[in-house]
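One line per chain: the protein sequences are A and B, in this order.
For the first sequence, position 270 matches number 270 in UniProt numbering, and the numbering has no gaps at all.
For the second sequence, position 28 matches number 28 in UniProt numbering, and the numbering has no gaps at all.
A short worksheet on the structure shown next.
Number of protein chains: 2
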Amino acid sequence: MPRTKGSVTIEDVARLAGVAKGTVSRVLNNYGDTSAETRDRILQAVERLEYQPSAAARKLKRGRVDTLGIVLPAGQGEHADPFLSEFLDGIAQALDLSDRDLLVTTAHSDEHAVTVHDRLIRSRKVDGFIVTRTQGDDPRIGLLLQRGFPFVAHGRTKETDFAWYDVDNERAFLDAVRHVVALGHRRIGFLGGPVRMNFAIQRKAGYRRGLAEAGIAHDPALEIACELNEMSGAEAARTLVHLDEPPTALVCVTDTLAIGAIEALRALGLAIGRDVTVIGYDGLPVGAYIDPPLTTFSQSAHAAGARAAQMLIDVIEGVDPLERQELVRADLVKRASDGPPEKTPKELKESLAR
Amino acid sequence: MPRTKGSVTIEDVARLAGVAKGTVSRVLNNYGDTSAETRDRILQAVERLEYQPSAAARKLKRGRVDTLGIVLPAGQGEHADPFLSEFLDGIAQALDLSDRDLLVTTAHSDEHAVTVHDRLIRSRKVDGFIVTRTQGDDPRIGLLLQRGFPFVAHGRTKETDFAWYDVDNERAFLDAVRHVVALGHRRIGFLGGPVRMNFAIQRKAGYRRGLAEAGIAHDPALEIACELNEMSGAEAARTLVHLDEPPTALVCVTDTLAIGAIEALRALGLAIGRDVTVIGYDGLPVGAYIDPPLTTFSQSAHAAGARAAQMLIDVIEGVDPLERQELVRADLVKRASDGPPEKTPKELKESLAR
DNA sequence: TTGTAGGCGTTATCAC
DNA sequence: GTGATAACGCCTACAA
């Protein structure tokens, strides 16, 4: 039976240093009222025994565990979400600087996610949560607000009275449309996301604003709501390109959709960046390795994770959540999947007919 | 009604049920010596108050936290390792079934990794570790063995007296060489990994065995040790292809290297799968989206994570670690980056000279 | 400046 | 069967 081998307690340290455990505790927590001499003696004992306070005992007394929690969507069909990996890495990096750790759990549905958050709160395993992929009306956030439990959301929701870190989605898609319009496109398709996702709503708004700004009439046929996987993107691209007046540019709500679209269009013999322009969003590393390399908007998942973690730490330490709301811009990463339209929609249509 | 403040304790439940807290505890831990009547009354109170035991207090008494730990390499240069993401997802899935959680930390060097493991052990935040990317001589495993702390390694080391889950790396690379030999290749390059990594050593052994089996003389110039990123793979590919007698097939120790190699070779105007065959290893989803889709060996990182987690749980619960050692096979995932050589090495060389 | 003691929420060992 | 009560390891008033 593997058991925790004789872990050193504060008692051991006290004995070795010849003081009471209370004194050891005070030194370790920087009360500053201990004499330099005993202080040194205690620290030396700590060093020698390699003493570290038990997280559990400490928690019991102080009510903090120095652990942040995150509940991820369980991997759908073996494919881990690359955005989340980078986001996690960013969190871990920020935590490393603050001697805190990250508890990771997964959930396979919205209700399950709420259950898991609740369990973690009640078992007091974490001090706060980072919530990702927020929805317009998010039950997790509802729970957290109701419980008064610290958290930071990556992305806003309808209600916004809490701490969040978000990308200016609307602005990014406005910029995307401006970009393709500047290239000469007038017929611009939009591969959107599930309507319950808040970011999908915001990005669609940006797309429409871009059209309006350029004086292009909005055509509902050019907007498709997709699931967030390649297949869905491929399907949507095929649908759009077979319209009577197909778009010469596709603005996609995520890189994953864009990659699926590119796959499908190439299979139809179209030259990406010349026959059809495709623009993604996320700045995933994968994007650089597909053919042609994907032009996209990048929000640095890594930076987002790191910043969200730090914001959460602040909130846990008592900062007003409303003082921790940050909106950042996504930047265009110009690669090779965009370019001036070499065909009119009509010519595009004809080239497919052959 | 769940109150926002002051979490429910066992005391609250006891009071509501009109019993002593000891009794509540016994019911909750299935001692089975309680009368059916009080049992029901207690469970009802638990339900009503939505009581959940405090993990910290429980830990203090029982010495278990129901939390597994993993220390990941900190993301190098913004690129999260896709293998690890899937591995994590597998762990999470297994844990979901057992009401345990996963504590994730990162380390930016080998020594740091040891420090972090040590800190986690001493602060008793986890019951055991999953160790990934083992090295031939691994300091983390040294520490864990010395401390007598439960762990499972994904990959073996020199010493193998502990629980591990590993892929038969040698066999996979033997198979890889057999595969390209069967296609007609005789000049076969090897993009290896850092020599301290155990899997790199094993894969190289498989490669050499494959050559020997086919009666092909081993040429040291065809073997290159790379770092595990695209750039390194690209560089190695360029070096090999510019040899006097370049290889017509490249067997790569990871998909990441293979992807880098493909990038570089395509940039030189070579047709992958015809001029040069490239084979990877890992079965990363990305591989399916590059051009051409990467032929690779798949070990299902997801399955590995799930299995490793379950093995660790077994070990924590007292199973002899030596009874938890598993070797699995990696299977060839045939896509389109391999094929019969259309050029001899000499012709390949000439086509590059132009 | 330092020692003593009570309590955080559980579980386990006693009595009854 | 069930109720007290003593730990578990730490922090922190309070006393000395």
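Here a beta-carbon is modelled for each residue, glycine too, at the ideal position from N, C-alpha and C.
Quiz item: Among all the DSSP beta bridges, which residues are the ones paired with residue 280 (chain B)?
Solution: Bridge partners of residue 280 (chain B): B:296.
Quiz item: By how many angstroms is the C-alpha of residue 248 (chain B) removed from the C-alpha of residue 184 (chain B)?
Solution: Between the alpha carbons of residue 184 (chain B) and residue 248 (chain B) lies a gap of roughly 10 Å.
Self-check item: Cα-Cα separation, residue 240 (chain A) to residue 258 (chain A)
Solution: Their Cα atoms are separated by approximately 13 Å.
Exercise. On a CA-only basis, which of A:290, A:299, A:150, A:277 is nearest residue 321 (chain A)? Give me that one, please.
Key: When only C-alpha atoms are compared, the closest one is A:150.
Exercise. Indicate whether residue 316 (chain B) and residue 137 (chain B) have their beta-carbon atoms separated by less than 8 Å.
Key: In this structure, residue 137 (chain B) does not lie closer than 8 Å to residue 316 (chain B) by Cβ.
Practice problem: Give the DSSP-derived three-state secondary structure of residue 110 (chain B) in the structure shown. | Solution: It is helical.
Exercise. Consider the Cβ of residue 309 (chain A): report whether some Cβ of chain B lies at a distance smaller than 8 Å.
Key: With respect to chain B, the C-beta atom of residue 309 (chain A) has no partner C-beta closer than 8 Å.
Quiz item: Do the segment 43 to 56 of chain B and the segment 7 to 16 of chain B make contact, defined as three or more Cβ pairs closer than 8 Å?
Solution: In this structure the segment 43 to 56 of chain B touches the segment 7 to 16 of chain B; the number of beta carbon pairs closer than 8 Å is three or more.
Practice problem: Please name the residue, chosen from B:324, B:278, B:285, that lies closest to residue 340 (chain B) on a Cα-to-Cα basis. | Solution: Of the candidates B:324, B:278, B:285, the one whose C-alpha sits nearest the C-alpha of residue 340 (chain B) is B:278.
Quiz item: Which one of B:227, B:186, B:190, B:229 has the shortest CA to CA distance from residue 345 (chain B)?
Solution: Out of B:227, B:186, B:190, B:229, B:186 has the C-alpha closest to the C-alpha of residue 345 (chain B).
Quiz prompt | Other residues of its chain near residue 113 (chain B): CB distance less than 7 Å, five sequence neighbours each side excluded | solution = Excluding residues within five positions, the ones whose Cβ falls inside 7 Å are 71, 107, 140.
Quiz item: Going by C-alpha distance, which of A:83, A:148, A:253 is nearest residue 122 (chain A)?
Solution: Cα-wise, what sits closest to residue 122 (chain A) is A:148.
Quiz item: Should the segment 263 to 274 of chain A be called in touch with the segment 89 to 96 of chain A, which here means at least 3 C-beta pairs below 8 Å?
Solution: Touching, no.
Self-check item: Neighbour flag for residue 182 (chain A) against chain B, beta carbons, 8 Å
Solution: By this cut-off, residue 182 (chain A) is not an interface position.
Exercise. Between the Cα of residue 281 (chain A) and those of A:353, A:179, A:348, A:173, spot the shortest distance and give me the residue it belongs to.
Key: Looking at A:353, A:179, A:348, A:173, the one whose alpha-carbon comes closest to that of residue 281 (chain A) is A:173.
Exercise. Return the CA-CA distance between residue 83 (chain B) and residue 301 (chain B), expressed in angstroms with no decimal places.
Key: Answer to the nearest angstrom: the Cα atoms are 6 Å apart.
Self-check item: Spatial distance of residue 418 (chain B) from residue 200 (chain A) (CA atoms)
Solution: The structure shown has nothing for residue 418 (chain B), since chain B only spans 1 to 354.
Exercise. Tell me whether the beta-carbon of residue 250 (chain B) lies closer than 8 Å to the beta-carbon of residue 237 (chain B).
Key: Closer than 8 Å, so yes.
Self-check item: Closer than 8 Å to chain B by CB, residue 1 (chain A)
Solution: A caution first: residue 1 (chain A) carries a pLDDT of 25, below 50, which makes its placement in the model too unreliable to give a value.
Self-check item: For residue 154 (chain B), the first and last residue of its enclosing beta strand (DSSP E)
Solution: For residue 154 (chain B), the uninterrupted beta strand (DSSP E) run begins and ends at 151 to 154, by DSSP.
Self-check item: Extent of the continuous beta strand (DSSP E) to which residue 194 (chain B) belongs
Solution: Here residue 194 (chain B) belongs to no beta strand (DSSP E), and DSSP marks it neither H nor E.
Quiz item: Helix, strand or coil: how does DSSP classify residue 272 (chain A) here?
Solution: Of the three classes helix, strand and coil, the one that applies to residue 272 (chain A) here is strand, per DSSP.
Quiz item: Can you check whether the CB of residue 207 (chain B) is closer than 8 Å to the CB of residue 307 (chain B)?
Solution: The answer is no: Cβ separation not under 8 Å.
Quiz item: DSSP three-state call for residue 56 (chain B): helix, strand or coil?
Solution: Helix at residue 56 (chain B).
Quiz prompt | Span separating the alpha-carbon of residue 332 (chain B) from that of residue 270 (chain B) | solution = Taking the straight line joining both Cα atoms gives about 24 Å.
Quiz item: Mind checking residue 234 (chain A): buried by the 16 CB within 10 Å criterion, or exposed?
Solution: Burial is judged here by how many other beta carbons sit within 10 angstroms of a residue's own beta carbon; residue 234 (chain A) has at least 16 and is buried.
Quiz item: Per DSSP, what kind of secondary structure is residue 51 (chain B) in: helix, strand or coil?
Solution: It is coil, neither helix nor strand.
Practice problem: Would you give the residue range spanned by the alpha helix (DSSP H) that residue 23 (chain A) belongs to? | Solution: 21 to 28 is the extent of the alpha helix (DSSP H) around residue 23 (chain A).
Practice problem: Out of B:304, B:180, B:40, B:229, state which residue places its alpha-carbon closest to the alpha-carbon of residue 18 (chain B). | Solution: Put simply, of B:304, B:180, B:40, B:229 the residue whose alpha carbon is nearest the alpha carbon of residue 18 (chain B) is B:40.
Quiz item: So, is residue 334 (chain B) buried or exposed, given that buried needs 16 or more other C-beta atoms within 10 angstroms?
Solution: By the neighbour-count rule (16 or more Cβ atoms within 10 Å), residue 334 (chain B) is not buried but exposed.
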